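S.K.:
2 protein chains.
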Amino acid sequence: MRYELYYWPEIQGRGEFIRLALEEAGADYVDVARRAERNGMGMTAMMRLMESQAVSCPPFAPPFLKAGEQIIAQTANILLFLGSRHGLAPDDEAGRLWVHQLQLTIADMLLEVHDTHHPIAASLYYDEQKPEALRRAEEFTASRLPKFLGYFETVLARNPSGESWLAGDTLTYVDLSMFQMIAGLRFAFPRNMKRLESDYPLLIALHDRVAARTRIKAYLKSKRRIPFNNEGIFRHYKELDL
Amino acid sequence: MRYELYYWPEIQGRGEFIRLALEEAGADYVDVARRAERNGMGMTAMMRLMESQAVSCPPFAPPFLKAGEQIIAQTANILLFLGSRHGLAPDDEAGRLWVHQLQLTIADMLLEVHDTHHPIAASLYYDEQKPEALRRAEEFTASRLPKFLGYFETVLARNPSGESWLAGDTLTYVDLSMFQMIAGLRFAFPRNMKRLESDYPLLIALHDRVAARTRIKAYLKSKRRIPFNNEGIFRHYKELDL
């Protein structure tokens, strides 16, 4: 079965966490909104599905994944689904809940990253909320960012199976997501990351370990990987990287 | 087995979504931080557990639930755990993912409610971010609130099993959470809810249906239900209820 991933075609955004899992799994998938309209795909196909009154389980927003007739939304929920199907999550229930818990904490962190440039409303431009963004980014870089990084460093340090992965002794989807967080933070806040990184050696090693995976390495070099840009969640505004 | 719930003792907050599930299930639980210090509980017990270096799966923040030796955090994750154990979630995987997806969308909505009074930082007082709060609340009440309510109204209307519950033909944990959202929105934004409610008759009926459940009714009248107050997530500031 070929999965259909639906997400905004110009950005990594939340869709990237799904792409990384699909790529690491070597799963057969099509990134629908990035494909040509003439083939019945593209944004038109995504909007058609989102607005269809025939969908009994509608998503609130992208990303969503179509697996046969099933439509699954919410990034962490999609990863919960993919994780157990593709060996990207522990086999036991307690392990699966732990990985999911970490993923939800990453989701919280990601939203705080987003809100550094959009503290008032996602519907307004960054330029319409710059003074507020400056205050929020100040708080984020000074206090929240080290708090989150410190937490995940602790999780690695305390993993009873060793410091290589966040949960258990093998890669899970949350390791892929943490790689993406580190990569995104480096793009958005290069000065702060330069200042902070040496405090979190296990996280940086995890980032490197994921980047070196055969399939991830190939993916990152491919055209399927959209470059970071200032339309996504991770944005580089010099004035916010205090 | 007696569950131990850990959450800030003075507010409903995120803990309330767990309390409602435990109450509806008739589960045996103790609300640790609300119990007396002299019995080894209270805030001291909660902080001790949060700071213990012996915990290999530490929570980032409350609420968290102790079930035997297992510690589970993140509200939606705790509900995922409780749902399958207490008949508060569908039996099939697709149904469980759908309920969880709705719960995660409620979590997103709840955070937007929180950010109406704390758009800059949770660590600052409301008084320190009032102009920003006013702008954010304006956006929320004008645009985001009706968008979220409209979404959930549609979910009820499209439920193939009928309009009584959000998923399937029986109550699940997400119905309890939606009750809490409506109750909280009425406390925080009474003017806006008065203006909006007639557009969402299915949601209001769902709220009333949950409130009338035998165990929920008893719980709401009990001292275990902390009243809404301006220390929680749902806060009533007249100036934000535009």
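Here the protein sequences line up with chains A and B, keeping their order. To convert a position in the first sequence, counted from 1, into the working numbering, add 62. To convert a position in the second sequence, counted from 1, into the working numbering, add 62. Virtual Cβ for every residue (Gly too), placed ideally from N, Cα, C. What you are looking at is a predicted structure, and each value in this text was computed from that prediction instead of being measured.
Could you round the C-beta distance between Y69/A and K128/A to whole angstroms and report it? I think they count as a contact, below 8 Å.
M.R.: 12 Å between Cβ atoms; not a contact.
S.K.: Give the residues from the segment 125 to 138 of chain B that approach chain A closer than 7 Å (Cβ to any Cβ), ordered along the chain.
M.R.: If the cut-off is 7 Å between Cβ atoms, the segment 125 to 138 of chain B has Q132, I134, A135, Q136, A138 near chain A.
S.K.: Looking at C-beta atoms only, is the number of pairs between the segment 156 to 164 of chain A and the segment 225 to 236 of chain A that lie closer than 8 Å three or more?
M.R.: The segment 156 to 164 of chain A vs the segment 225 to 236 of chain A: in contact.
S.K.: For P120/A and M112/A, I'd like the C-alpha separation in whole angstroms.
M.R.: P120/A and M112/A: Cα-Cα distance of roughly 7 Å.
S.K.: In chain A, which residues lie with their C-beta within 7 Å of the C-beta of F143/B?
M.R.: Chain A residues near F143/B: L159.
S.K.: For the alpha helix (DSSP H) that contains Y213/A, what are its first and last residues?
M.R.: Counting along the chain, the alpha helix (DSSP H) containing Y213/A begins and ends at 207 to 220.
S.K.: Assign P222/B to buried or exposed, taking buried as 16 or more other Cβ atoms, counted over all protein chains shown, within 10 Å of its Cβ.
M.R.: Classification for P222/B: exposed.
S.K.: Are the CB atoms of F122/B and A135/B nearer to each other than 8 Å?
M.R.: Taking 8 Å as the Cβ cut-off, F122/B and A135/B qualify as a contacting pair.
S.K.: I'd like to know whether the C-beta of P222/A is nearer than 8 Å to at least one C-beta of chain D.
M.R.: Protein chains A and B are contained in the structure displayed, whereas chain D is not.
S.K.: Whole angstroms is fine: what's the gap from G149/A's alpha carbon to G88/A's?
M.R.: Spanning the two alpha carbons is a distance of roughly 11 Å.
S.K.: Residues of the segment 214 to 240 of chain A with a CB closer than 8 Å to any CB of chain B: list them in chain order, please.
M.R.: Listed in sequence order: T216, V217, R220, N221, P222.
S.K.: For the beta strand (DSSP E) that K128/A lies in, which residues bound it at each end?
M.R.: It spans 126 to 129 - the beta strand (DSSP E) in which K128/A sits, taken as one unbroken run.
S.K.: Name the chain B residues that come within less than 7 Å of I295/A, Cβ to Cβ?
M.R.: Here the premise fails: no neighbours, minimum Cβ distance about 14 Å.
S.K.: Any Cβ of chain B within less than 8 Å of the Cβ of H180/A?
M.R.: No, H180/A lies away from the interface with chain B (no Cβ there is under 8 Å from its Cβ).
S.K.: Considering only residues of the segment 227 to 303 of chain A, which uninterrupted alpha helix (DSSP H) runs meet the minimum length of 4 residues and lie entirely inside it, listed in chain order?
M.R.: Counting only runs of 4 or more, we get 235 to 250, 252 to 258, 263 to 273, 276 to 283.
S.K.: Alpha carbon to alpha carbon, how far is Y188/A from R197/A? Give it in angstroms, no decimals.
M.R.: In a straight line, the C-alpha of R197/A is about 13 Å away from that of Y188/A.
S.K.: Applying a beta-carbon distance threshold of less than 8 Å, which residues of chain A neighbour H162/B?
M.R.: What H162/B touches in chain A: Q136, N139, L142.
S.K.: Thinking just about the alpha-carbon of each residue, which of H269/B, K300/B, R110/B, V217/B is nearest to the one in A116/A?
M.R.: For the residues H269/B, K300/B, R110/B, V217/B, the minimum Cα distance to A116/A belongs to V217/B.
S.K.: Leaving out five residues on either side along the sequence, give the residues of the same chain with a beta carbon under 8 Å from the beta carbon of A169/B.
M.R.: Hits under 8 Å: T137, A138.
S.K.: If the cut-off is 9 Å on Cβ atoms, which residues from the segment 202 to 213 of chain A count as contacting chain B, listed in chain order?
M.R.: Listed in sequence order: F202, S205, R206, K209, F210, Y213.
S.K.: Report the rounded CA-to-CA distance for H269/B versus E155/B, giving the unit in angstroms.
M.R.: In a straight line, the C-alpha of H269/B is about 26 Å away from that of E155/B.
S.K.: Checking contacts by CB at 8 Å: is A83/A closer than that to chain B?
M.R.: False, the Cβ-Cβ gap to chain B never drops below 8 Å.
S.K.: Can you list the alpha helix (DSSP H) stretches of 4 or more residues lying completely in the segment 110 to 156 of chain A, in chain order?
M.R.: Whole alpha helix (DSSP H) segments, 4+ residues: 137 to 147.
S.K.: Run through DSSP, which three-state label would L67/B get?
M.R.: Residue state, collapsed to three classes: strand.
S.K.: So with Cβ pairs under 8 Å, would you call L150/B a contact of chain A?
M.R.: It does not; no Cβ of chain A falls within 8 Å.
S.K.: For R277/B and D261/A, what's the separation of their Cα atoms in angstroms?
M.R.: Those two C-alpha atoms are separated by around 49 Å.
S.K.: By the DSSP assignment, the alpha helix (DSSP H) with P193/B in it spans what residues?
M.R.: Per DSSP, P193/B belongs to the alpha helix (DSSP H) from 192 to 201.
S.K.: Helix or strand or just coil, what does DSSP make of Y188/A?
M.R.: Y188/A: helix per DSSP, three-state reduction.
S.K.: Do Q242/B and L82/B have their C-beta atoms closer together than 8 Å?
M.R.: The answer is yes: Cβ separation under 8 Å.
S.K.: Just to confirm my understanding: we take P252/B, look at its own chain, exclude 5 residues before and 5 after, and list those with CB closer than 8 Å. What are they?
M.R.: Cβ within range, chain order: H298, D303.
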